[in-house]
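What the sequence shown shows, in the UniProt record's numbering, is residues 1 to 379, in sequence order.
Quick reminder that beta carbons are idealized off the backbone N, C-alpha and C, glycines included.
Notes for the one structure printed next.
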Amino acid sequence: MTLISSFFLTRPAPSFFNHTELKMTDNTVEDSSIVSNDATTAIGALILGLVFLLGVPGNLFIIWSILARARQRSVTTLLILNLACADGFLMCLTIFFLIYLARQNWDFGDLMCKGLFYLCNTNMYASIFLITLMSLHRLVAVVWPHRVAALASKKMVVRAIAVLWALVFSISIPALVFRQVRYDHDEQNNTRLVCASNHSRSRYVVYQYTFETVVGFLVPYGVIVNSYVCILRRLRQTKFRRKVRSEKLILAIVVMFGIFWLPYHLINIIQLTNKKEVCANQPNIFPLHLAKPSRAVTSALAFISSCANPILYTFAGKSYIKEDGIAFMARLFEGTSLDTGIKKGIGLKDAFSVDPNSLPLIFVNAFCKCAPPQKLKYF
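The following block contains the structure:
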């Protein structure tokens with residue numbers, strides 16, 4: 001915090017509409033950096049500081065709870081573990097971006113510039129895709145419970161996770177190619193180093209923003225929303241008396257995901273539109289004056305989604321805290337497990353007589369404080 005406070009004292013008064021326009025030199029398109037505006041850069045640094053303090057211990061606690069205290073590791077627990085690893089690793093990287101925003105100068109060299117943004121993109125994609133995979137798993141378990149063993153077994157999910165990680169490591173490669181350290185000038189014409197995208201052709205900028213927005217937000221978020229719409233429709237057909245509170249939690253998760261990621265991708269869309277205008281030699285659109293200075297804030301807001309899950313799990317497991325103490329998180333995951341299969345001695349028909357259409361108990365136990373059924377373990 002001393003670093004941030006000194007930043008406020010030493011930086012000159014900010015000008016909100018001062019921003020770096022799209023630069024074209026030697027057939028190279030230089031993107032404006034996230035430190036192009038003093039005010040929004042300071043706000044972004046404060047957000048990242050809070051995210052680091054909450055996200056790192058929160059996700060590490062989830063990982064410890066699953067690996068050290070959870071006696072059963074179901075499909076959902078496995079997905080939560082991978083999500084916590086992705087989010088936790090991303091949270092550990094925030095310290096570098098916090099320093100970058102606070103100092104408004106990149107001090108870590110070109111290799112770290114490429115590597116950190118590559119790992120950042122990798123883990124952000126992984127977080128989004130894992131949430132999508134979790135929603136699909138819930139969809140199968142709630143809407144087609146008799147097909148869980150065939151479509152969403154632990155073996156199938158492990159394979160899907162392996163493919164997912166290979167995919168995110170591949171689609172994040174553009175960060176290694178286009179990210180580099182370059183010199184930039186602030187409003188006082190002082191020279192500073194920034195880590196920003198540097199494309200040889202303007203159409204590469206269009207490709208990058210389009211791909212990041214469509215693959216990193218629109219498609220997975222569309223899958224999540226459609227999955228939960230199907231789940232809610234199925235729940236309304238049941239006589240499960242506590243489904244209303246569960247629906248509210250589902251809606252909260254989906255809305256939270258959208259709130260923290262939508263501003264980031266809106267900025268992408270605005271800058272994407274501007275790139276097309278530049279290529280067509282047309283005047284810039286007005287929202288660009290708001291979009292470019294906002295990049296630091298919207299990027300920091302996107303990080304919040306990775307530190308929010310531990311907070312949600314804490315509220316979900318608060319009914320276990322008094323009884324289980326520090327192991328309450330492990331108890332929450334154990335009590336909400338459905339390992340695709342059925343306990344021995346229980347037939348398929350009898351097993352699903354325990355209301356197979358009810359929501360996975362990770363939501364039910366959390367807000368209804370009801371104990372998990374003994375005949376069948378839900379995920």
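Under the three-state DSSP convention, the category residue i falls into
{"i": "residue 208", "result": "helix"}
{"i": "residue 68", "result": "helix"}
{"i": "residue 191", "result": "strand"}
{"i": "residue 300", "result": "helix"}
{"i": "residue 226", "result": "helix"}
{"i": "residue 105", "result": "coil"}
{"i": "residue 73", "result": "coil"}
{"i": "residue 135", "result": "helix"}
{"i": "residue 173", "result": "coil"}
{"i": "residue 152", "result": "coil"}
{"i": "residue 237", "result": "coil"}
{"i": "residue 409", "result": "An answer regarding residue 409 cannot be provided, because it is not within the stretch 1 to 379 covered by the chain."}
{"i": "residue 144", "result": "coil"}
{"i": "residue 119", "result": "helix"}
{"i": "residue 130", "result": "helix"}
Test item: CB-CB of residue i and residue j under 9 angstroms
{"i": "residue 105", "j": "residue 163", "result": "no"}
{"i": "residue 303", "j": "residue 47", "result": "yes"}
{"i": "residue 397", "j": "residue 83", "result": "Any property of residue 397 remains undetermined from this structure, which presents the chain solely from 1 to 379."}
{"i": "residue 137", "j": "residue 81", "result": "no"}
{"i": "residue 118", "j": "residue 175", "result": "yes"}
{"i": "residue 260", "j": "residue 221", "result": "no"}
{"i": "residue 59", "j": "residue 306", "result": "yes"}
{"i": "residue 77", "j": "residue 86", "result": "no"}
{"i": "residue 409", "j": "residue 66", "result": "The structure shown does not extend to residue 409, since the chain is modelled only from 1 through 379, so no value can be given for it."}
{"i": "residue 298", "j": "residue 264", "result": "yes"}
{"i": "residue 213", "j": "residue 272", "result": "yes"}
{"i": "residue 75", "j": "residue 150", "result": "no"}
{"i": "residue 114", "j": "residue 203", "result": "no"}
Inter-residue CB distance, residue i and residue j (contact presumed, cutoff 8 angstroms)
{"i": "residue 160", "j": "residue 133", "result": "6 angstroms"}
{"i": "residue 112", "j": "residue 90", "result": "Not confirmed; about 16 angstroms, so no contact."}
{"i": "residue 143", "j": "residue 234", "result": "5 angstroms"}
{"i": "residue 135", "j": "residue 224", "result": "5 angstroms"}
{"i": "residue 191", "j": "residue 185", "result": "6 angstroms"}
Opposing strand residues paired with residue i [DSSP bridges]
{"i": "residue 183", "result": "193"}
Spatially closest choice to residue i from the options, by CA coordinates
{"i": "residue 269", "options": "207, 224, 113, 156", "result": "207"}
{"i": "residue 168", "options": "156, 231, 127, 91", "result": "127"}
{"i": "residue 295", "options": "315, 262, 312", "result": "262"}
{"i": "residue 40", "options": "114, 300, 308, 318", "result": "300"}
{"i": "residue 51", "options": "95, 63, 73", "result": "95"}
{"i": "residue 266", "options": "311, 43, 216, 197", "result": "216"}
{"i": "residue 197", "options": "158, 210, 314, 182", "result": "182"}
{"i": "residue 38", "options": "157, 254, 101, 116", "result": "101"}
{"i": "residue 92", "options": "57, 108, 189, 103", "result": "57"}
{"i": "residue 311", "options": "42, 252, 72", "result": "252"}
{"i": "residue 231", "options": "218, 254, 211, 172", "result": "254"}
{"i": "residue 157", "options": "43, 44, 73, 173", "result": "73"}
{"i": "residue 205", "options": "274, 309, 189", "result": "274"}
{"i": "residue 209", "options": "172, 226, 189", "result": "172"}
{"i": "residue 97", "options": "147, 141, 44", "result": "44"}
{"i": "residue 103", "options": "42, 308, 329", "result": "42"}
{"i": "residue 177", "options": "116, 155, 154, 146", "result": "116"}
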